[in-house]
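Now the structure itself:
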């Protein structure tokens with residue numbers, strides 16, 4: 041048995057300023073197995089991987105590869121030792137060709153001096169064939185879609201002939217077929233005796249491909265299990281450390297029968313983006329927006345926030361006509377908006393949590409009325425406590441937080457403005473189960489305080505779980521509006537699939 | 013798979029590879045300007061203009077030599093503002109050494125190489141390890157070097173040396189097979205001198221380095237995405253330091269070429285030269301943001317930049333500062349083309 045073990049990490053400890061990222065974590069990988077590394081965001085998965093690949097350095101512990109203790113100081117060294125990694129973000133060079141991206145640093149050479157481009161391209165072709173990718177390997181990488189780029193980065197890692205292959209969320213940008221393809225390749229490699237560490241948020245994929253799994257929580261090792269030792273519910277429970285039912289036991293917002301309309305939009309639209317839409321939302325109501333990406337959900341939200349100017353129609357707030365020409369108008373009307381891509385539009389990575397939280401409040405007050413430092417601190421502390429943001433203090437840079445905590449900070453930013461209407465575009469994307477439930481609970485709490493929340497999400501189950509009413513969008517228009525308490529996922533899927541005619545019938549029926 | 017193989021082998025598809033667009037743009041614009049000039053101003057058309065462009069080219073070769081190193085620096089995503097000053101310092105070291113100290117010019121040149129390469133490596137190391145922006149670091153290098161030039165002498169120093177004179181006077185005349193069945197010099201006289209030869213050798217050396225060695229490909233990788241290059245296990249630090257050191261080497265070589273051209277050293281020589289050099293590279297299709305650039309492009313960039321003042325000389329009615337305006341317009345045009353190419357490929361990817 042022991043000679044079957046290819047990698048052993050013992051009692052690994054890593055401390056970041058203010059946080060113990062890993063505390064006495066053990067991890068064992070055998071030859072010819074796919075081993076899933078599981079845990080919520082911030083549990084220490086990435087830190088463990090980075091320790092193994094020489095990006096972060098351990099403060100204590102041992103790494104034993106093939107019976108020899110190693111201490112990689114850089115990804116370069118780790119690669120030489122036979123540890124190959126595919127990171128979540130594509131770490132390739134967009135300006136180089138596909139073939140070069142696969143072979144750079146170890147190009148085949150002619151007479152030991154000059155690069156043999158022909159052989160390199162031929163070998164890249166062969167490798168792409170193995171991945172069933174029919175692409176021209178002499179084109180720059182930027183010429184191809186993200187999914188293909190991801191496959192190329194996996195091809196590179198595979199071709200290095202490593203002993204250990206680490207896949208850090210490789211499937212997040214792949215479609216089902218591509219995932220299947222990747223799994224086929226992973227199975228081949230497993231047959232060949234490679235040890236594969238697989239990190240993903242998709243639990244189905246864990247059960248489909250893994251042999252064993254190791255669970256981390258808050259930098260601690262929870263345990264290592266065979267894939268059949270735990271079922272999905274047990275697994276999630278172990279990951280978040282709480283009973284899953286308690287977390288999902290959320291109550292829909294209670295909208296009073298006589299609640300007034302908070303926001304009414306009639307026949308608003310932008311040529312080429314949204315055809316024509318009318319929506320309304322009552323005080324304390326949670327209105328869900330369902331539909332595929334590109335169905336006009338985000339654009340509608342942006343019109344309600346003034347980020348996109350509506351070409352026609354009217355918007356009324358509390359019965360009064362308002363003109364929302366830009367986000368500033370909307371902020372003055374107490375409408376808040378958390379955009380979809382938090383890295384791009386939301387957080388300002390180099391600023392502290394405190395500064396990120398006070399941004400919107402400050403914008404509302406105008407720059408002539410600056411908040412005092414103590415006011416800011418009070419505000420930040422209040423929301424860090426209320427939202428359970430995991431941080432040693434308010435002065436930590438937001439970029440250093442995990443995804444779920446960053447999302448909470450953005451939520452705090454808008455909650456601090458005490459809005460009447462809060463629009464959240466995909467607030468739960470890319471964060472783990474526990475943090476998702478946390479965000480949902482916060483949304484519902486705000487509804488309870490009389491705030492109207494518009495919740496856009498691609499995940500139907502969470503829309504159904506929280507919403508009072510659900511607007512279903514398709515092809516840039518609203519095709520139906522259903523009741524959140526009575527509809528099912530299948531209902532919504534049918535409406536999205538069938539389109540407007542059937543959808544409108546259903547709307548009449550509800 | 014067969015389809016893939018055929019797709020790639022088709023010559024047209026290989027030639028039309030989008031990564032070459034910028035180089036094609038440079039060559040295309042050069043040809044347009046050249047043909048325009050040939051039709052309008054060439055008394056006997058092409059020939060006359062060709063000879064003039066080549067001769068002008070000969071006189072500008074020192075910019076070209078420097079542009080070889082600059083192209084590499086730009087591909088890494090950096091910039092080097094010290095090249096003009098380093099070239100000038102080379103001139104000062106050779107002039108002072110030969111005239112005031114009676115040293116052999118090659119000894120002085122060797123010393124200049126040591127200084128130029130050392131300074132380049134030092135700046136490269138500071139840029140990489142201390143994370144100083146290349147603009148600031150090399151600006152510092154420029155002031156320091158320029159200051160040292162003035163320390164050596166504030167007056168122009170003439171050089172009288174047999175070797176320098178011999179190299180400066182060395183020429184290969186371009187000849188043609190005339191009606192009498194003899195090789196005869198083309199009229200008006202057209203020749204390749206030592207500087208142009210150096211430039212062409214450097215372009216070839218640069219091309220081989222960039223296209224045929226791992227070092228060269230690492231330069232592109234760093235310009236494409238430095239973080240990725242690091243994570244792919246490439247020697248980022250070493251590559252960057254060597255690139256700046258190599259650029260120092262090119263600057264000294266350019267300075268030597270300039271000495272051959274003016275036969276003197278002057279502390280204020282080539283002021284603003286660094287910008288001329290950067291212009292050559294950018295007009296040649298090198299992206300200022302890094303990751304894209306070819307030596308062939310730089311070669312045509314120098315040609316293009318030479319062709320404009322030539323045309324203005326030919327016209328005779330325009331004042332010479334129109335050359336600056338034309339260069340500015342050209343630079344603007346290329347920046348637009350670059351943006352359009354980037355935006356176009358982004359949109360293509362979204363589809």
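Protein chains in written order, with our numbering: chain F, 41 to 550; chain Z, 13 to 363. Positions of the beta carbon are idealized from the N, C-alpha and C atoms, including for glycine.
Asked, Found
"Residue span of the alpha helix (DSSP H) that contains residue 266(Z), given as start and end", "248-274"
"Beta-carbon proximity list for residue 140(Z), same chain, < 8 Å, skipping 5 on both sides", "248, 249, 252, 253"
"Identity of the residue in 269(Z), 131(Z), 151(Z), 339(Z) nearest residue 255(Z) by Cα", "131(Z)"
"Alpha helix (DSSP H) segments (min. 4 residues) lying fully within the segment 327-363 of chain F", "337-344"
"Residue-chain proximity (residue 91(F), chain Z), Cβ-Cβ < 8 Å", "no"
"Among 300(Z), 329(Z), 302(Z), 293(Z), nearest to residue 318(Z) - alpha-carbon criterion", "293(Z)"
"Exposure label - residue 97(F); buried when at least 16 CB within 10 Å", "exposed"
"Below-8 Å beta-carbon distance, residue 127(F) vs any chain Z residue", "yes"
"Residue 68(Z) and residue 310(Z) closer than 8 Å at C-beta", "no"
"Alpha helix (DSSP H) runs contained entirely in the segment 107-157 of chain F, provided each spans 4 or more residues", "115-121, 138-143"
"Sheet register partners of residue 180(F) (DSSP bridge)", "137(F)"
"C-alpha distance - residue 320(F) paired with residue 493(F), whole-angstrom precision", "11 Å"
"Residue 239(Z): contacting residues in chain F (beta-carbon distance under 8 Å)", "131"
"Classification of residue 410(F) by the beta-carbon crowding that lies within 10 angstroms, buried from 16 upward", "exposed"
"Validate contact between the segment 75-92 of chain F and the segment 48-59 of chain F using beta carbons, cut 8 Å, 3 pairs", "yes"
"Status (buried if at least 16 other CB within 10 Å, exposed otherwise) for residue 465(F)", "buried"
"Own chain, CB closer than 6 Å to residue 60(F), minus 5 neighbours either side, in chain order", "259"
"Rounded straight-line distance, which links the Cα of residue 437(F) to that of residue 56(F)", "13 Å"
"Best match in 118(F), 112(F), 200(F) for proximity to residue 141(F) [C-alpha to C-alpha]", "200(F)"
"Residue closest to residue 115(F), alpha-carbon to alpha-carbon, out of 201(Z), 285(Z), 243(Z)", "243(Z)"
"Pairwise C-alpha distance: residue 230(Z) and residue 290(Z)", "21 Å"
"Contact under 8 Å by Cβ, residue 490(F) with residue 324(F)", "yes"
"Beta strand (DSSP E) segments (min. 3 residues) lying fully within the segment 445-510 of chain F", "461-465, 492-496"
"Buried versus exposed, by CB contacts within 10 Å (16 or more), residue 114(Z)", "exposed"
"Closer than 7 Å at the beta carbon, the chain F residues around residue 243(Z)", "115, 127, 131"
"Close-in-space but distant-in-sequence residues of the same chain around residue 49(Z) (CB under 8 Å, 5 per side omitted)", "61, 319, 322, 323, 326"
"Same chain, Cβ closer than 7 Å to residue 214(F), neighbours up to 5 away in sequence not counted", "187, 190, 222"
"Coarse secondary structure for residue 74(F), derived from DSSP in three states", "strand"
"Exposure label - residue 356(Z); buried when at least 16 CB within 10 Å", "exposed"
"Span of the alpha helix (DSSP H), counted from its first residue to its last, around residue 86(Z)", "73-87"
"Which listed residue (227(F), 417(F), 253(F), 423(F)) has its alpha carbon closest to that of residue 455(F)", "423(F)"
"Three-state secondary structure assigned by DSSP to residue 533(F)", "helix"
"contact_flag[the segment 103-111 of chain Z, the segment 271-285 of chain Z] where n(CB pairs < 8 Å) is 3 or more", "yes"
"Residue 284(Z), buried or exposed, once every other Cβ within 10 Å from all chains shown has been counted against 16", "exposed"
"Residue-chain proximity (residue 154(F), chain Z), Cβ-Cβ < 8 Å", "yes"
"Within the segment 136-212 of chain Z, ranges of the alpha helix (DSSP H) (whole runs, at least 4 residues)", "146-164, 174-181"
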